[in-house]
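Asker: The following block contains the structure, expressed as structure tokens.
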Amino acid sequence: MKKTTLLLSMAAGIFLSACNSNQTSEKVSATDTLAQAAHHEETAAASEDIELNNGDKWVVNEEMKPYVAKGAELTTAFIQDNGSDYNKLAVALKAENDQLIKSCTMQGKSHDELHKWLHPHLEFVKKLETAKNETEGNELVQQLEKSYQDYHTYFQ
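Take the sequence shown: its position 111, counting from 1, is numbered 1139 in the numbering used here, and each next residue is one higher.
Listed below in structure tokens is the structure:
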């Protein structure tokens, strides 16, 4: 009986110490995971810079170009006319962006680079829809104007 109790006690001790070291390992693993995630985010943010195609602009499919041109035109007209209906501009830009996305048949690296431009651009439009005041609206319109300039820097 004493042998059984002793063996059970030893087994429990080994089990508990193994569990305890596993928790330490899990804590280290969780810390490592967080560090890796932070590094991944930094790397992803750095890799989101649009690249030229060996020094040249990327070619965008012809069927997509009118929607970018119309969006840029709407933004420029809004600025020149000192527009104040940010929601109306956002709705019009969203319609152009929706058509741009529907008409996309691009693939490969040019497609990936276009998405690096498009994702932040779509976020500006989304935020413009809910601009709370003139200052916020004006800042977003300026960001959209810069976004269209960036498009023309990297795409043709």
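Using N, Cα and C, we set each Cβ at its ideal position, and we do this for glycine too.
The structure presented is a predicted model; accordingly, all values stated were derived computationally and were not measured.
Answer yes or no: do L1185 and L1156 have a C-beta to C-beta separation smaller than 7 angstroms?
Answerer: Here the chain covers residues 1029 to 1184 and nothing more, so residue 1185 does not appear.
Asker: What residue range does the alpha helix (DSSP H) around N998 cover?
Answerer: Outside the displayed range of the chain (1029 to 1184) lies residue 998, so it cannot be described from this structure.
Asker: Would you list the residues sitting across from D1084 in a DSSP beta bridge?
Answerer: N1081
Asker: Who does F1183 pair with in a DSSP beta bridge?
Answerer: W1086
Asker: Let's test the definition: count the other Cβ atoms within 10 Å of the Cβ of E1076 and tell me whether it reaches 16, buried, or not, exposed.
Answerer: exposed
Asker: Identify the continuous alpha helix (DSSP H) that holds T1103 and give its terminal residues.
Answerer: Where T1103 is concerned, the enclosing alpha helix (DSSP H) stretches over K1093 to Q1108.
Asker: Helix, strand or coil for K1160, going by three-state DSSP, please let me know.
Answerer: In the structure shown, K1160 sits in coil (DSSP, three-state: anything other than H, G, I, E or B).
Asker: Please determine, among P1094, N1081 and E1101, the residue with the shortest C-alpha to C-alpha distance to K1174.
Answerer: E1101
Asker: Leaving out five residues on either side along the sequence, give the residues of the same chain with a beta carbon under 7 angstroms from the beta carbon of V1096.
Answerer: The residues are L1128 and Y1179.
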